[in-house]
Structure formats: C-alpha cells, structure tokens
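Residue numbers (this note's numbering): 2 to 131. Cβ coordinates follow ideal geometry from the N, Cα and C atoms, glycine included. A quick note: this is a predicted structure, and the numbers were derived from the prediction, not measured.
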C-alpha cells in the first residue's frame, strides 16, 4: 500500500530539487556570459554542495508517513536533517580542500548561490501553486 502523505511529500521535495537544479544551471549560464568561466564554475560548485544534501534529505525524510508510523516519520526526518548537515559540511570541506586545486572558486558567487539555493524552498510553493 502506498501512503499518500509520503507520496505528496516526496513529490514536493523532488519539485524543489528539480527547480533548484534548473535555477543553478540557468544562473551559471547567465553568469558565464557576463562574468566568465570562474564565476560560473563557482556557482555550479555551490549548486552541487547544496543540492546533493537536499536530495539525500528528500530520500531519507519522506520514507514514512501516517499516524501509525509517526515515530518513524519523526526519526527519519531528524536523521535526514542530521545527514544533510553532515553531508553539507563534508562537501564544503572537499570543495575548499580539493576542488580549489583544479578550479578557482570565487567566494562571492559561491556563497551567494549557496544562500539562494538554501532559501529557494521558501519560494517553491508559490511557483508550484495549483
């Protein structure tokens, strides 16, 4: 039996993730034409650092739903948040430890895109409003 609440949560999470991917790709292309390759690579790196943990969170957090499995819902949600935070910290570390050896990371575009993608789920309900 498929739980409708879990399905709705997964659908919203995937819509947010796909929208985030589209925004990152669009802004990186625009940035490439206005400011060059270094800024566009910084934006793409920030997108990867932000979107991969969001996808992992969506997979983990919306595994269960319903009143009968309320304890599992809370546990999976909080373990998803913890995993997202740890994965974000690991990806930040890998980016600034190893990725900077191959490409130059500009801090302002990187952190601007990171902040935008973190705040983007607040706008998604208005965009996908039925």
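- The Cβ neighbour count for residue 51, taken over all protein chains shown within 10 Å, is at least 16; the residue is labelled buried.
- Pairing residue 43 with residue 64 gives a Cβ-Cβ distance that is not under 9 Å.
- For the segment 16-83, the continuous alpha helix (DSSP H) assignments of 4+ residues that do not extend past its boundaries occur at 38-62, in sequence order.
- Counted as a single uninterrupted DSSP element, the stretch harbouring residue 101 is not any alpha helix (DSSP H), since DSSP gives it neither H nor E.
- Looking at the backbone, the Cα of residue 27 and that of residue 35 are separated by about 13 Å.
- Of the other Cβ atoms in all chains shown, fewer than 16 fall within 10 Å of the Cβ of residue 19; this residue is therefore exposed.
- For residue 117, the enclosing alpha helix (DSSP H) has its first and last residue at 108-120.
- Residue state for residue 124 is assigned as coil, using DSSP reduced to three classes.
- The C-beta distance from residue 81 to residue 115 rounds to 19 Å, too long to meet the 8 Å contact threshold.
- Straight across, the Cα-Cα distance linking residue 122 with residue 105 is about 28 Å.
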